[in-house]
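All remarks here apply to the structure that follows.
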Amino acid sequence: MYLVDTNVIIGILRNKEEFINKYKYISEKSQPIYLTTYSLSEIYVGFYDQDFKKKYPKKLKLQKELFNRMVKKLEHQNRILSLSVDDAKILGNLFHLLRVNGKPIPIIDALIGAIAISRNLTVITSDKAHFNVIKEINKQFKVIYW
Amino acid sequence: MMTQKTISLNENSYKQLKKLKKKNESYSDLIIRLCNLRNPILNDPLLEFSGIFSEDEELWEEIEKIIQNHRISHLTNEDIREE
């Protein structure tokens with residue numbers, strides 16, 4: 191089973207063919223495909239940016255409405271994950287290993303990584319640099335780069 | 030006009046379908062709905078809504094940059110241990 195990162199979600203919503211084709215391929219092989227509340231929050235950042243709201247008022251409003259509808263459907267399918275108590279234990283260990291190894295990574299990457307390790311999911315992302323660090327320090331972590 | 034086909038169902042299958050059929054839904058529509066449920070691609074909101082951010086390339090290029098910058102500005106590993 192897979193967990194898609196924010197860049198993959200945006201790629202699909204931007205109608206990028208390479209993302210859509212790959213996503214359809216994995217959808218046929220393995221279900222369900224999850225995402226996290228952290229990715230959703232990152233996308234909502236764009237909707238709340240004042241400059242964009244001024245520049246694209248109608249467009250952003252419509253996109254936000256459609257995005258909300260999509261999120262509701264995904265929520266209904268139980269495909270949106272956030273940190274559970276078990277995930278938090280893995281995250282604590284990950285934070286510790288990152289610190290003792292002197293390898294900082296974005297906190298959101300660590301959150302996504304911990305959820306994936308804890309629930310035996312393979313992360314799909316375009317962010318090779320930071321997720322490779324998690325792979326180096328936790329051999330259970332599985333990741334695919336698109 | 031769409032061609033009609035006749036299929037036979039046993040009593041049990043018919044009862045099961047009848048239970049699932051919504052008000053004002055035809056049996057043809059019901060069967061398509063059930064097939065869609067079984068097909069992960071057709072029933073995937075991410076694919077259903079694919080393209081909602083495609084209209085303005087520049088806007089989402091910018092938003093992706095903001096997201097990326099936001100991510101790398103909140104790192105783990107700030108050493109919190111007090112000496």
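Which chain is which? The protein sequence lines are Z and F, in order. So the number in my numbering is just where the residue sits in the first sequence, counting from 1, plus 190. So the number in my numbering is just where the residue sits in the second sequence, counting from 1, plus 29. Just so it is clear, CB atoms sit at the ideal spot from N, CA and C, and this is done for glycine as well.
In its chain, beyond the 5 residues on either side, no residue has a beta carbon closer than 7 Å to the beta carbon of PRO247 of chain Z. Nearest to SER316 of chain Z by alpha-carbon distance, out of F:GLY80, F:SER102 and F:GLU93, is F:GLU93.
Neighbours of MET191 of chain Z in chain F, taken as residues at a C-beta separation under 8 Å, are lacking, since the least C-beta distance is about 12 Å. Under the DSSP definition of a beta bridge, LEU104 of chain F partners with Z:PRO296. In terms of CA proximity to GLU77 of chain F, Z:ASN205 leads the group Z:ASN205, Z:PRO222 and Z:VAL194.
THR226 of chain Z is outside the set of residues whose beta carbon lies under 9 Å from a beta carbon in chain F. Contact check for THR196 of chain Z against SER229 of chain Z passes: the beta carbons are separated by less than 9 Å. Residues of chain F with a Cβ closer than 9 Å to the Cβ of VAL235 of chain Z are, in chain order, ILE92, ILE95, ILE96 and HIS99. GLN253 of chain Z is classed as buried because its beta carbon has at least 16 other beta carbons within 10 Å across all chains shown. Contact of ILE70 of chain F with chain Z is assigned, a C-beta pair being separated by under 9 Å. In the structure shown, LEU225 of chain Z falls within a strand segment according to DSSP collapsed to helix, strand and coil. In the structure shown, ILE270 of chain Z adopts extended strand secondary structure according to DSSP, grouped into three states.
Non-local beta-carbon contacts of HIS320 of chain Z in its own chain, meaning distances under 8 Å to residues more than five positions away in sequence, involve ILE295, PRO296 and ASP299 in chain order. DSSP lists no beta-bridge partner residue for VAL235 of chain Z. Distance from the CA atom of SER217 of chain Z to the CA atom of ILE223 of chain Z, rounded to whole angstroms, is 7 Å.
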